[in-house]
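Below is one structure; the comments refer to it alone.
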Amino acid sequence: MHKSKLIELLSSLDNREFRSLQQLVTSPYFNRNPEVMRLLDWLSSMRPDFSGLERNAAMSAVFPGEPADDARLNHTMSFLLKLAEEWIALEQYEKDPYVPKQWMLRGLNERGLDKHYEFHLERARRAMAAERRPGSHHYYQKFALEIYEAERFVQRSPRQFNENVQTATDNLDTFYLIEKLRRTCYMYASQAVVATPYQLQLVEEICRFVGNHLTDLPSPAIEAYYRIFQLLSKPQADADFDALKRLLGESSERFSLEDQADIYQYAINFCNIQIMHGRETYEEEAFQLYLTTLESGILLVSGKLSPWHFKNMINLALRLHRFEWAETFIASNTRLLAQEFQQDALHFNLALVYYTTGRLDEAMNHLQMVEFTDVHYSITPKAMLCQIFYQKDQYDALDSALHAFETYLRRNKLLAENTRAGYLNFTSALKKLLRTPVSKWPQLRTELGQIRILPAREWLMKMME
Numbered sequence: 197m198h199k200s201k202l203i204e205l206l207s208s209l210d211n212r213e214f215r216s217l218q219q220l221v222t223s224p225y226f227n228r229n230p231e232v233m234r235l236l237d238w239l240s241s242m243r244p245d246f247s248g249l250e251r252n253a254a255m256s257a258v259f260p261g262e263p264a265d266d267a268r269l270n271h272t273m274s275f276l277l278k279l280a281e282e283w284i285a286l287e288q289y290e291k292d293p294y295v296p297k298q299w300m301l302r303g304l305n306e307r308g309l310d311k312h313y314e315f316h317l318e319r320a321r322r323a324m325a326a327e328r329r330p331g332s333h334h335y336y337q338k339f340a341l342e343i344y345e346a347e348r349f350v351q352r353s354p355r356q357f358n359e360n361v362q363t364a365t366d367n368l369d370t371f372y373l374i375e376k377l378r379r380t381c382y383m384y385a386s387q388a389v390v391a392t393p394y395q396l397q398l399v400e401e402i403c404r405f406v407g408n409h410l411t412d413l414p415s416p417a418i419e420a421y422y423r424i425f426q427l428l429s430k431p432q433a434d435a436d437f438d439a440l441k442r443l444l445g446e447s448s449e450r451f452s453l454e455d456q457a458d459i460y461q462y463a464i465n466f467c468n469i470q471i472m473h474g475r476e477t478y479e480e481e482a483f484q485l486y487l488t489t490l491e492s493g494i495l496l497v498s499g500k501l502s503p504w505h506f507k508n509m510i511n512l513a514l515r516l517h518r519f520e521w522a523e524t525f526i527a528s529n530t531r532l533l534a535q536e537f538q539q540d541a542l543h544f545n546l547a548l549v550y551y552t553t554g555r556l557d558e559a560m561n562h563l564q565m566v567e568f569t570d571v572h573y574s575i576t577p578k579a580m581l582c583q584i585f586y587q588k589d590q591y592d593a594l595d596s597a598l599h600a601f602e603t604y605l606r607r608n609k610l611l612a613e614n615t616r617a618g619y620l621n622f623t624s625a626l627k628k629l630l631r632t633p634v635s636k637w638p639q640l641r642t643e644l645g646q647i648r649i650l651p652a653r654e655w656l657m658k659m660m661e
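Under this note's numbering, residues 197 to 661 are what the sequence shown spells out, in order.
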């Protein structure tokens with residue numbers, strides 16, 4: 197029983213949810229089978245870990261005074277699972293502010309209850325008009341509402357101008373443009389991180405259309421995702437970044453919370469790429485974006501901050517010589533990380549602070565306690581260890597670390613080619629630094645300065661001062 201889908205589903209419910217499911221199962225509208233009710237009652241006594249489950253005990257509770265029947269218990273469990281899945285569907289249905297109203301309107305219309313229909317249609321329209329942060333879902337639901345009203349209008353006045361068709365189509369266009377550009381940005385960005393076989397369709401046509409209508413777009417999210425795609429696809433997109441910042445400043449309260457988080461994350465990612473290419477002015481840009489998101493909680497997911505963002509904030513603060521801010525941030529905000537990341541993030545980021553401020557032994561001690569499983573988060577500690585070994589003149593350890601790092605980079609298939617190539621450039625540059633005499637450092641500085649993607653470029657240059 198422990199491995200059944202029913203127990204897996206029930207284990208995911210909190211106390212409120214379990215009580216709600218019990219109400220559904222005991223309602224004659226949904227269930228009239230007393231065996232299913234008894235099964236849920238018995239399972240309730242086994243919560244929260246269901247450690248006492250035993251099939252014979254279950255059959256005694258569900259079929260009291262009757263012989264054991266394994267097939268009958270399986271059937272009862274299947275019926276309860278179906279009810280639990282229906283409960284999940286109802287929970288999701290009721291969370292949507294629009295879908296229940298639309299099905300009610302259909303039911304009222306089918307019954308010819310015109311007064312009821314008109315009253316609730318107007319209420320639904322007013323509620324939609326009052327929404328402060330409309331996302332793409334809002335426009336899709338407006339489309340669904342108006343297209344149904346358009347079909348109803350045709351049945352009553354087939355030869356008259358149908359304004360609802362235009363309204364429905366306009367909202368469908370808005371929904372499509374937001375979602376198409378959002379998904380396109382996601383696919384394009386994914387290709388730069390992990391090798392993905394996405395096929396991008398109609399992108400040029402949509403970008404051409406949006407670019408020609410920037411002054412009269414119905415939602416700022418369309419322009420935002422259009423600008424983001426320019427950031428992702430153009431070699432130089434400073435003007436688009438400035439336009440995106442303007443949008444975030446002028447229209448921040450018009451974005452849905454989901455869109456707002458996406459947009460800030462893409463803007464920060466763009467800054468990170470520019471920094472990797474040696475454009476230091478974007479360090480302050482990224483840091484200020486992070487401060488805004490930290491103050492508002494925009495990037496928190498279920499109250500938690502990703503370890504990647506946590507690390508990036510610390511890294512930016514150190515690059516900008518805000519050392520005290522970095523230490524205070526680590527002490528105050530490690531709690532924002534999910535429990536399983538807290539210790540690793542604490543040790544890694546303290547190592548980063550100690551390394552940057554010259555406390556190499558303390559940095560190494562903390563790095564040796566880091567065991568990140570995320571491939572992209574684990575790369576920086578490996579590179580940092582190489583840097584520490586170089587600075588401490590521990591060349592045998594450095595040789596071993598470089599060899600292990602290069603093997604890791606070449607064998608790990610989850611790394612995007614840009615990431616792999618960048619860190620292989622780093623290991624190659626460090627090897628050249630080791631074997632190049634001081635007299636030839638000026639030529640090496642020039643050579644390294646011409647490499648397009650080179651992590652730790654500043655550090656390498658500093659080692660040749």
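Each residue gets a CB set at the ideal place from its N, CA and C atoms; glycine is no exception.
Out of Arg348, Ile374, Pro354, Leu301, state which residue places its alpha-carbon closest to the alpha-carbon of His334. Ile374
With 16 as the cutoff for other CB atoms within 10 Å, does Thr477 come out buried or exposed? exposed
Is Phe425 closer than 8 Å to Tyr384 when the C-beta atoms are compared? yes
Identify which residue in Gly248, Met233, Ala280, Thr222 has its Cα closest to the Cα of Leu202. Ala280
Where does Val497 fall in DSSP's three states? strand
Please work out which residues of its chain come closer than 6 Å, Cβ to Cβ, to Thr370, disregarding the five sequence neighbours upstream and downstream, and give them in chain order. Tyr335, Pro414, Ser415
In terms of residues, what are the limits of the alpha helix (DSSP H) holding Phe275? 266 to 291
Hey, quick one: how far does the alpha helix (DSSP H) through Ala254 stretch, first residue to last? 251 to 258
Taking 8 Å as the limit between beta carbons, can you name the residues of its chain near Tyr289, skipping five residues before and five after? Val295, Pro296
Does the distance from the CB of Leu301 to the CB of Leu236 come in under 8 Å? no
Using C-beta distances below 7 Å, list every residue in its chain close to Lys338, excluding the 5 sequence neighbours before and after it, in chain order. Met324, Asn367
Could you give the first and the last residue of the continuous alpha helix (DSSP H) run that contains Arg215? 211 to 221
Sort Leu377, Leu630, Pro503 by Cα distance to Val571 and report the nearest one. Pro503
How many angstroms separate the CA atom of Leu487 from the CA atom of Thr632? 42 Å
Measuring only the C-alpha atoms, how far is Glu494 from Val221? The identity of residue 494 in the sequence shown is Ile, whereas the question assumes Glu. Straight-line Cα distance between these residues: approximately 39 Å.
First through last residue of the alpha helix (DSSP H) which encompasses Gln535: 535 to 552
Which residues mark the beginning and the end of the alpha helix (DSSP H) in which Met657 is found? 653 to 658
With a threshold of 8 Å, are at least 3 pairs of Cβ atoms found where one atom belongs to the region 640 to 658 and the other to the region 469 to 476? yes
Are the beta-carbon atoms belonging to Gln298 and Ala340 less than 8 Å from one another? yes
Span separating the alpha-carbon of Leu427 from that of Glu481: 15 Å
From this set, Leu206, His271, Asp592, Ala285, which residue's C-alpha is nearest Phe246's C-alpha? Leu206
Cutting at 6 Å between CB atoms, please list the residues of its own chain near Lys658, excluding the five before and the five after it. none
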